[in-house]
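What follows is a short report on a single structure.
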Amino acid sequence: MTATVQLASLQIGKELADGGQGRVFELLDRSHQVLKMYHDPAHPSFDAGGLDRLVAERDTISHAGRVVDEFAAWPAVVVLEGSHVVGFLMRRVPKQFSLKIGQGERLADLSYLATAPKPIWGPVSLPSHSEKLGILRDLAGVVDTLHRRGIVLGDISFANVLWTVTPRPGVMLLDCDGMRLEGRTSVLPQADTLDWDDPYVVRGAEPTRDQDRYKLALAVLRVLCASLNRRLDGRPLDPALLGANPSGVQDLLSKAAGAAGTRPAASEWMTALSDRVMQPVLAPASRRRIDMPKPKPDLLASGGPRQFRPVQPPPS
């Protein structure tokens, strides 16, 4: 049964964010969670069932020994006003997924890894290139985990992926209520982020796992070459940027913008972005044919009775 709570029972604090579909508030009595309230839950396109399905999936999702709350702001509790769905509770983003910029803190989204530091940021600690590879590897692992559960992410983009290097390189996904089980509807129609659109898909088409694969590859490309708007155009990257398996990464990038059904799966990115060198699997060497020995009739018995020779003990 889906976990629910009445809006009137929550102690709502200050507003933390205001997006296209809803506002996020802190909760004074639940410091580890926040509330997302939808702007217009009475809209005809609003599907409360889509939210119920995501909440029901929550306990079935884990990645690399981590429960879903450790790598995604996943809907945990449906918020009701009377009998009407108006929002949901999710985990508050942990401190390690933020950056100190100037005098304040900002969410450490993926765009900070795809651009050079700006003087206005002041002193800021950004990941090494090796740590960036680890962050991308974890992103691929999270996408693979969700795809194996039949979940389509839809809007993979800079703003929806946070990163950390503490205690190890990893990611946390935002706007998870925009995700859906494949073949089912999401809570609200999901808007594509500009410049992250799949060139093979008409704008407004239903998201698919194949589109997710395109956007995952685009995220990998833009972080590796430190570009906010690089396209999957087939141009090779400097092998020094591609980690322990440059040819493997380059090969996947060359396939990522192909037609639907030909794009690398997230699991392939996990392997290519590994910090271990991949050894090619060699075909087994052909075996030399050895002819059977020819029979020697003269050494065989002639058909007469067998003769037994007694065994003599060795001389003492």
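Per the UniProt record's numbering, the sequence shown starts with residue 1, numbered consecutively.
Glycine included, C-beta positions come from ideal geometry on N, C-alpha and C.
GLU15: not part of any alpha helix (DSSP H); member of the beta strand (DSSP E) spanning 12–18, first to last residue. A contact is defined here as three or more CB-CB pairs under 8 Å, and the region 152–168 meets this definition with respect to the region 108–115. Setting aside the 5 residues that flank it on each side, LEU16 is surrounded in the same chain by VAL24, PHE25, GLU26, VAL34, each with a C-beta closer than 7 Å to its C-beta; the list follows chain order. For ASP275, the CB contacts under 6 Å within the same chain, skipping 5 residues up- and downstream, are ALA244 in chain order. Not a single unbroken stretch of the beta strand (DSSP E) spanning 3 or more residues falls wholly within the region 216–244. In this structure, ALA272 places its C-beta atom within 8 Å of the C-beta atom of GLY248. In this structure, the CA atom of LEU107 is about 9 Å from the CA atom of LYS95. The three-state secondary structure of MET179, taken from DSSP, is coil.
Linking PHE88 to CYS176 through their CA atoms gives a straight-line distance of about 11 Å. GLN21 carries a coil assignment under DSSP once its states are collapsed to helix, strand and coil. The Cβ atoms of ALA73 and VAL93 sit closer than 8 Å to each other. Annotated three-state conformation of TRP74 is coil, per DSSP. Annotated three-state conformation of LEU126 is coil, per DSSP. Beta bridge pairing from DSSP links ASP109 with LEU162. Note on geometry: alpha-carbon atoms of SER254 and LEU232 lie some 8 Å from one another.
The criterion of a C-beta distance shorter than 8 Å is satisfied by PRO127 and PRO169. Taking all protein chains shown into account, ASP40 has fewer than 16 neighbouring C-beta atoms within 10 Å of its C-beta and is therefore exposed.
Membership of ARG53 in the alpha helix (DSSP H) is indicated by the continuous run 48–57. DSSP places LYS255 in the uninterrupted alpha helix (DSSP H) bounded by 246–255.
Going by beta carbons, ARG213 and ALA257 fall outside the 8 Å limit. Judged by DSSP secondary structure, THR4 falls within the beta strand (DSSP E) whose first and last residues are 4–6. Under the criterion of beta carbons closer than 8 Å, VAL77 and VAL5 qualify as touching, at roughly 5 Å. For TYR38, the secondary structure class from DSSP, reduced to helix, strand or coil, is strand. Taking C-beta separations shorter than 6 Å and ignoring five residues to either side along the sequence, the partners of TRP163 in its chain run ALA108, ILE135, VAL171, following chain order.
By the 16-neighbour rule on beta-carbons within 10 angstroms, GLY65 is exposed. Shortest Cα-Cα distance from ALA240 to any of MET90, GLN103, HIS129 involves HIS129. Contact check for VAL152 and PRO207: beta-carbon distance about 5 Å, within the 8 Å limit, so the pair qualifies. When the five nearest sequence neighbours on each side are left out, the beta carbons in the same chain lying within less than 8 Å of the beta carbon of LEU51 are those of PRO75, VAL78, VAL85, PHE88, ASP177, VAL187, in order along the chain.
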